[in-house]
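Heads up: take any position in the sequence shown, counting from 1, add 804, and you land on this note's numbering.
Notes for the one structure printed next.
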Amino acid sequence: MAGYDTKDVAELLRQLGSNDQLLAEAYVFGSIQGDGGDARKIAALHKKSLLRPDDEPGDYRVSAELKRMLNRLMRKQSSYRQLTDMGKVIDVLEDTVNDYRLSVIGDQQEDAEYYLDQFDDLLYEAKDNLNVSLDNMHYAISSQFGFVSTISAKVRENERALTYAQKLLTELQQIDPETCYEWMNWACPVELARKISGFIYWFNQTLPRLRYIIDSMRLSLFKLRRDEKQASLLRNMARYLHKHPEFEINEQVFEDKTLPKPLRFAAPMPIKSYINVKETAHETALIEIVQSLRKLSSVVKPNARETSEVELIANVAMSFSYDYFEEQTERLFEQAITTGNPVSAIKYWQQALPEWHSEQQHIDPTPWVELVFSSYCKLTNIQQALIDIRPKGQQLQGISHNWSYSDIVVKVNN
């Protein structure tokens, strides 16, 4: 229970205790008026989800959760059917309407009032459950990480949520809400017809909202998978550079004349790349800039769209393409693993050069060494724990631990 705040629980219990008469009237009489002297208390109870608005404006009823608890404590009969899916919800609602119709025809007012109250509770609970589910799904995909804290977990959460949303959409599309109008195919009271019409309108509004959430899920899942791949590559490169520090730049490196000119750094600039708004000397200039920008702001009329013809070309079969040299790097790693001996990237390049030329594939040694290093950074943690690379080269003057690498040796960790 560490995830709950005792102050919030105590506040909720105080709301129940201090407004016991209002809640009792709403539970016994079905609803209470919210425009009288107790309007402020009723608004606070509504904010705490203890009351909910009724169909009539200004009326409030006990929320489904509180009413379910009171029914259980008061040993009052309640609906024993579980609202597992919308198809069963429609069946339960139809049975309740039939019971209400027979009670009205038989002039059994108390039974009719009970069934109408049960019908209203079933409608609200069904709509509230589905709305909460859609709100949670929308929050999970619209927020940065939803309910988790890592990209990989967010990808799994979105995959499960997308699967659930697609199954839910398939289920809801099989239901025709227009058939609910048959429940009013008799001289039914206006209050029942209003509730049925409201349910049909809500159902028709829910499907487009669910489709929009599914489209957003697909787009978010595509972006998350791309970000996860980039984050994995950067994480592996950062892990390797942390184990093998390459750069420890001296602040006075720009004064070292022995360092090659392309590697020199300029002295730090005394000016800043931003304006300090706290400087009073800049206040006048900033005000003039802002005023001139406001004068320039004018409505730009959109240009008329140009029409053009679109020519459809027949589909042409495309052959499968892949990176030839990335496959060669995999063979280099495979050779190091199978033989157990260190493999030099340059020596491997020299040995494979005739075969590559015969297949009209060409690569210089420098890009080849860079490709081997990049392919190593793309490996998983388990693969990097199996093999390691040892760069070879000459140390540059003026910068400690900075080398000009000419070769990379791939070896298997013992």
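We put the beta carbon where it would ideally sit given N, CA and C, even for glycine.
> Excluding five sequence neighbours on each side, which residues of the same chain lie with their C-beta closer than 7 Å to the C-beta of Y1128?
Replying inline: On the sequence shown, position 324 is the one that residue 1128 refers to. Excluding residues within five positions, the ones whose Cβ falls inside 7 Å are Q1165.
>> Contact defined as beta carbons within less than 8 Å: I believe G891 pairs with I1000. What is the distance between those atoms, to the nearest angstrom?
In response: In the sequence shown, counting from the first residue as 1, residue 891 sits at position 87. In the sequence shown, counting from the first residue as 1, residue 1000 sits at position 196. No, G891 and I1000 are not in contact; Cβ-Cβ is about 17 Å, not under 8 Å.
> What is the rounded straight-line gap between the Cα of K971 and the Cα of S907?
Replying inline: Along the sequence shown, read from residue 1 onward, the residue named residue 971 stands at position 167. Along the sequence shown, read from residue 1 onward, the residue named residue 907 stands at position 103. Those two C-alpha atoms are separated by around 38 Å.
> Quick one, which of S853, F1177, E1083 has its alpha-carbon nearest Y1044's?
Replying inline: Stepping through the sequence shown from its first residue, residue 1044 is reached at position 240. Closest option to Y1044, Cα to Cα, is F1177.
> Going along the chain, which residues of its own chain have a beta-carbon closer than 8 Å to the beta-carbon of I1017, five neighbours each way excluded?
Replying inline: Looking up residue 1017 in the sequence shown gives position 213. Taken in chain order, the residues that qualify are L938, M941, H942, I945, A969.
>> Suppose only complete runs of 3+ residues qualify. What are the beta strand (DSSP E) ranges in the segment 1000-1040, listed by chain order?
In response: none
> If you draw a straight line from the C-alpha of E1159 to the C-alpha of A1149, how long is it?
Replying inline: Taking the sequence shown and counting its residues from 1, one reaches residue 1159 at position 355. Taking the sequence shown and counting its residues from 1, one reaches residue 1149 at position 345. Cα-Cα distance, rounded: 16 Å.
> How many angstroms separate the CA atom of D1019 from the CA atom of E1110?
Replying inline: Numbered from its first residue, the sequence shown carries residue 1019 at position 215. Numbered from its first residue, the sequence shown carries residue 1110 at position 306. Each residue's Cα considered, the two are about 30 Å apart.
> Distance, Cα to Cα, L897 vs M988?
Replying inline: Position 93 of the sequence shown, counted from the first residue, corresponds to residue 897. Position 184 of the sequence shown, counted from the first residue, corresponds to residue 988. Near 13 Å, if we compare the C-alpha coordinates of M988 and L897.
> Residue ranges of each beta strand (DSSP E) run of no fewer than 3 residues wholly in the segment 808-863, ordered along the chain?
Replying inline: 855-857
> What are the boundary residues of the alpha helix (DSSP H) that G891 is part of?
Replying inline: The sequence position of residue 891 within the sequence shown is 87, counting from 1. Per DSSP, G891 belongs to the alpha helix (DSSP H) from 890-909.
>> Three or more C-beta pairs under 8 Å: does that hold for the segment 851-866 against the segment 809-828?
In response: yes
> So, using beta-carbon positions, are Y1180 and G1197 closer together than 8 Å?
Replying inline: For the purposes of this step, residue 1180 is taken as the residue at position 376 of the sequence shown. For the purposes of this step, residue 1197 is taken as the residue at position 393 of the sequence shown. Using a Cβ distance threshold of 8 Å, Y1180 and G1197 do not count as a contacting pair.
> Under 8 Å between the Cβ atoms of L1175 and Y1152?
Replying inline: Numbered from its first residue, the sequence shown carries residue 1175 at position 371. Numbered from its first residue, the sequence shown carries residue 1152 at position 348. No, they are not a contact pair.
> In its own chain, which residues sit with a C-beta less than 7 Å from the C-beta of D842, not counting the 5 before and 5 after it?
Replying inline: Indexing the sequence shown from 1 puts residue 842 at position 38. If you ignore the 5 residues before and after D842, its C-beta comes within less than 7 Å of the C-beta of L826, all in its own chain and listed in chain order.
> If we count the other Cβ atoms within 10 Å of its Cβ and call it buried at 16 or more, is A991 buried or exposed?
Replying inline: Locating residue 991 in the sequence shown gives position 187, where the first residue counts as 1. Around the CB of A991, fewer than 16 other CB atoms lie within 10 Å, so the residue is classed as exposed.
> Any idea what DSSP makes of K1196, helix, strand or coil?
Replying inline: Numbered from its first residue, the sequence shown carries residue 1196 at position 392. Residue state, collapsed to three classes: strand.
> What did DSSP end up calling D1211 once you bin it into helix, strand or coil?
Replying inline: Taking the first residue of the sequence shown as 1, we reach residue 1211 at position 407. Three-state DSSP puts D1211 in a strand.
> According to the neighbour-count rule (16 or more other Cβ atoms, all chains shown, within 10 Å of its Cβ), is K1065 buried or exposed?
Replying inline: Within the sequence shown, numbered from 1, the residue matching residue 1065 stands at position 261. Exposed, by the Cβ-count rule.
> For the alpha helix (DSSP H) that P1169 lies in, which residues bound it at each end?
Replying inline: Position 365 of the sequence shown, counting from 1, holds the residue named residue 1169. That run of the alpha helix (DSSP H) goes 1169-1181.
> Does the separation of the CB atoms of I1167 and P1195 fall below 8 Å?
Replying inline: Start at 1 with the first residue of the sequence shown, and residue 1167 comes out as number 363. Start at 1 with the first residue of the sequence shown, and residue 1195 comes out as number 391. Going by C-beta atoms, I1167 is not nearer than 8 Å to P1195.
> For S835, which option in G821, V866, V994, A1156 has the closest C-alpha, if you only look at C-alpha atoms?
Replying inline: Here residue 835 corresponds to residue number 31 of the sequence shown, with the count starting at 1. Sorting G821, V866, V994, A1156 by C-alpha distance to the C-alpha of S835 places V866 at the top.
>> Distance check for N1119 and S1112, CA to CA, integer angstroms please.
In response: Numbered from its first residue, the sequence shown carries residue 1112 at position 308. Numbered from its first residue, the sequence shown carries residue 1119 at position 315. The alpha-carbon atoms of S1112 and N1119 are separated by roughly 21 Å.
> In this structure, what does DSSP give as the bridge partners for R865?
Replying inline: For the purposes of this step, residue 865 is taken as the residue at position 61 of the sequence shown. Note: R865 sits in a beta bridge opposite R856.
> Which value, in whole angstroms, describes the spacing of the CA atoms of A1035 and L1025?
Replying inline: One-based indexing of the sequence shown puts residue 1035 at position 231. One-based indexing of the sequence shown puts residue 1025 at position 221. When rounded, the distance between both Cα atoms is 15 Å.
>> Considering only DSSP beta bridges, list what S1148 is partnered with.
In response: Indexing the sequence shown from 1 puts residue 1148 at position 344. Per DSSP, V1213.
>> Please state the DSSP three-state secondary structure of I1191.
In response: Within the sequence shown, numbered from 1, the residue matching residue 1191 stands at position 387. I1191 falls in the strand class under three-state DSSP.
>> Please list the terminal residues of the continuous alpha helix (DSSP H) segment that includes Q1132.
In response: One-based indexing of the sequence shown puts residue 1132 at position 328. Taken as a continuous stretch (DSSP letters only), the alpha helix (DSSP H) holding Q1132 covers 1128-1143.
> Are the CB atoms of P1146 and V1214 nearer to each other than 8 Å?
Replying inline: Your numbering for residue 1146 matches position 342 in the sequence shown. Your numbering for residue 1214 matches position 410 in the sequence shown. Contact flag set, yes.
>> Taking 8 Å as the limit between beta carbons, can you name the residues of its chain near E982, skipping five residues before and five after?
In response: The sequence position of residue 982 within the sequence shown is 178, counting from 1. The residues I1004, in chain order, have a CB closer than 8 Å to that of E982 in the same chain once the five nearest residues on each side in sequence are set aside.
> What is the DSSP secondary structure of K931, counted as helix, strand or coil?
Replying inline: For the purposes of this step, residue 931 is taken as the residue at position 127 of the sequence shown. Residue state, collapsed to three classes: helix.
>> Quick check on DSSP: helix, strand or coil for V1057?
In response: What you label residue 1057 is simply residue 253 of the sequence shown in a count that begins at 1. Of the three classes helix, strand and coil, the one that applies to V1057 here is helix, per DSSP.
> Would you call V901 buried or exposed, if buried means 16 or more other Cβ atoms sit within 10 Å of its Cβ?
Replying inline: In the sequence shown, the residue the question calls residue 901 occupies position 97. That one is buried.
> The alpha helix (DSSP H) with Y968 in it runs from where to where?
Replying inline: Taking the sequence shown and counting its residues from 1, one reaches residue 968 at position 164. Per DSSP, Y968 belongs to the alpha helix (DSSP H) from 955-977.
>> Measuring only from the beta carbon, is A991 closer than 7 Å to any heavy atom that is part of the ligand GTP?
In response: The model depicted lacks the ligand GTP and carries no ligand whatsoever.
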